[in-house]
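In what follows, a structure is listed as structure tokens, so that the remarks can point back to it.
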Amino acid sequence: MFIDVHCHLTGGEYEGVGGVEAVLSRARDAGVTAFVSSGFDLASSRAAAELSARHADVYFTAGFQPEELGKYREGDLAEIAALAKESKCVAVGEIGLDYHFPDNPPRELQRELFVRQLRLADELGLPVVVHSRDGAAETLELLQSEADRLRFGGLMHCYSYSAEMVGAFAALGMYFSFGGTSTFRNAKKVQESARRVPSDRILSETDSPYLTPVPFRGVFPNEPGNVAHVVRNLAALRNEKEEELEGRIFSNAERLFFRLADRRI
Numbered sequence: 000m001f002i003d004v005h006c007h008l009t010g011g012e013y014e015g016v017g018g019v020e021a022v023l024s025r026a027r028d029a030g031v032t033a034f035v036s037s038g039f040d041l042a043s044s045r046a047a048a049e050l051s052a053r054h055a056d057v058y059f060t061a062g063f064q065p066e067e068l069g070k071y072r073e074g075d076l077a078e079i080a081a082l083a084k085e086s087k088c089v090a091v092g093e094i095g096l097d098y099h100f101p102d103n104p105p106r107e108l109q110r111e112l113f114v115r116q117l118r119l120a121d122e123l124g125l126p127v128v129v130h131s132r133d134g135a136a137e138t139l140e141l142l143q144s145e146a147d148r149l150r151f152g153g154l155m156h157c158y159s160y161s162a163e164m165v166g167a168f169a170a171l172g173m174y175f176s177f178g179g180t181s182t183f184r185n186a187k188k189v190q191e192s193a194r195r196v197p198s199d200r201i202l203s204e205t206d207s208p209y210l211t212p213v214p215f216r217g218v219f220p221n222e223p224g225n226v227a228h229v230v231r232n233l234a235a236l237r238n239e240k241e242e243e244l245e246g247r248i249f250s251n252a253e254r255l256f257f258r259l260a261d262r263r264i
């Protein structure tokens with residue numbers, strides 16, 4: 000019983016492999032019983048909501064990812080809020096900071112929209128899904144400054160920062176998901192972080208169609224069914240039994256994403 004807490008299912012990347020319906024079917028055959036389709040702008044959040052309405056085991060998040068803020072227009076957050084009120088929306092996200100590319104949206108705009116969406120999630124009583132790349136210290140500082148807005152917790156998606164920072168993020172109520180990167184031979188920092196994350200805060204994802212895990216690294220598109228390889232690798236890294244970790248991850252996901260748990264009872 001696997002869960003993919005962060006995947007992208009609404010683009011055209013799966014057209015060459017039978018479409019999203021075939022992708023979901025293959026994942027179910029691989030033992031995936033719940034999917035969280037992540038929104039990254041208004042259009043993808045709407046599409047994720049529509050997909051979740053067609054499939055009982057698909058949930059979604061709604062939000063503006065920092066790299067996509069060039070599309071943002073005033074009024075969009077009101078529409079994100081409306082989507083987030085739907086019963087199958089489990090979080091506001093993905094939101095955060097991305098300083099990787101020099102032509103990414105201005106940092107000031109990224110910080111502003113990150114804070115506004117953190118506050119929106121708090122108003123709506125939802126956790127957040129945080130995308131953070133090349134901005135570890137500032138992400139932590141901003142989350143600490145908005146700690147009162149994290150009453151419902153959050154997820155550090157595709158966690159890639161140091162093991163030493165895990166405690167600081169965890170103290171804010173954050174969970175940590177690991178995907179294909181954690182299976183890469185040279186990803187020593189990510190693997191050490193995966194070992195150090197508390198057992199009640201670890202989650203599994205694919206970030207599909209990207210970051211395909213070993214043994215299929217380099218294959219595109221990645222699919223949610225590959226989350227089984229991620230969990231197997233996490234169990235080996237943490238010296239845990241795969242079946243026990245699999246169950247714990249699902250329990251963790253239901254604790255963080257309480258709307259998911261409510262619908263599965």
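Counting along the sequence shown from 1, when you hit position 23 you're at 22 in numbering that gives the first Met the number 0, and nothing is skipped either side.
Glycine is no exception: its CB is placed at the ideal position from the N, C-alpha and C atoms.
Remember, predicted model here, so these are calculated numbers, not experimental data.
With 16 or more neighbouring CB atoms inside 10 Å of its own CB, Met155 falls in the buried class. Cβ-Cβ distances below 6 Å link Leu108 to Leu68 in the same chain, with the five nearest sequence neighbours on each side left out; the list follows chain order. Short of 6 Å from the beta carbon of Thr205, and not among the five residues preceding or following it, lie these beta carbons of its own chain, in chain order: Asp3, Cys6, Gly178, Asn221, Pro223, Asn225 and Val226. The beta carbons of Ser159 and Thr138 sit about 11 Å from each other, so the pair does not count as a contact at 8 Å. DSSP, read as helix, strand or coil, puts Glu137 in helix. Distance between Leu259 and Gly38, taken at the CA atoms: about 16 Å.
Rounded to the nearest whole angstrom, the CA to CA distance from His228 to Gln116 is 32 Å.
For Gly153, the uninterrupted beta strand (DSSP E) segment begins and ends at Gly153 to Met155.
By the Cβ criterion, the region 88-100 is in contact with the region 120-136, since at least three pairs of Cβ atoms, one from each stretch, lie closer than 8 Å. When DSSP reads this structure, Ile2 sits in a beta bridge with Ala33.
DSSP places Glu111 in the helix class (H, G or I) of the three-state scheme.
Contact check for Ser176 against Ser203 passes: the beta carbons are separated by less than 8 Å.
Counting only residues of its own chain and dropping the five nearest sequence neighbours on each side, Ala46 has a CB closer than 7 Å to the CB of Thr9.
If you draw a 10 Å sphere on the C-beta of Asn238, you find fewer than 16 other C-beta atoms in it, and that means exposed.
Distance check between Ala29 and each of Asn251, Arg254, Val230 and Arg247 places Val230 closest, using alpha-carbon atoms only. Taking C-beta atoms as the reference points, Gly153 and Val128 count as a pair closer than 8 Å. By the 16-neighbour rule on beta-carbons within 10 angstroms, Thr32 is exposed. Counting other Cβ atoms within 10 Å of its Cβ, Asp147 stays below 16 and is therefore classed as exposed. According to the DSSP assignment, Glu93 belongs to the beta strand (DSSP E) that extends over Cys88 to Asp97.
Between Phe63 and the set His54, Val19, Glu111 and Leu244, the nearest pair of CA atoms involves Glu111. Boundaries of the alpha helix (DSSP H) harbouring Ala235: Val226 to Arg237, taken from the DSSP string.
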